[in-house]
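Counting along the sequence shown from 1, when you hit position 23 you're at 345 in this note's numbering, and nothing is skipped either side.
Note that the Cβ used here is the ideal one computed from N, Cα and C, for glycine as well.
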Amino acid sequence: MDLKKLFIGIDSGGTNCRIGLGGNSGKIIHSDNFESVHYSQAGAKAFAAHISKIINGFCGV
């Protein structure tokens with residue numbers, strides 16, 4: 323699989339955070355739900371750290 327043709331989509335809402343891994347065909351390969359963190363309440367640094375941790379775990383890093 324060509325990793326340059328993959329994308330990650332994030333929907334961070336009020337009750338959960340859903341992340342999907344998609345391919346160049348536009349189809350979702352894998353998705354999962356995670357605990358949400360509110361940007362407006364946590365601030366940019368905490369929000370970015372939380373999302374980074376989720377993405378790394380999601381990708382197996």
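Check your understanding: Which residue's Cα is closest to the Cα of His360: Gly331, Cys339 and His352?
Key -> Nearest C-alpha to His360 among Gly331, Cys339 and His352: Cys339.
Point to revise | Length of the line joining the Cα atoms of Leu328 and Ile376 | key: Between the alpha carbons of Leu328 and Ile376 lies a distance of about 17 Å.
Review point. Tell me which same chain residues have a C-beta within less than 7 Å of the C-beta of Ala368, skipping the five on either side of it?
Key: Residues of the same chain with a CB within less than 7 Å of the CB of Ala368, apart from the 5 flanking positions on each side, are Val359 in chain order.
Review point. Do you know how far the Cα of Ile330 is from the Cα of Ile350?
Key: Cα-Cα distance, rounded: 9 Å.
Check your understanding: Buried or exposed: which applies to Ile341, given that a residue is buried once 16 or more other Cβ atoms fall within 10 Å of its Cβ?
Key -> Classification of Ile341: buried, given that the 10 Å Cβ count is 16 or more.
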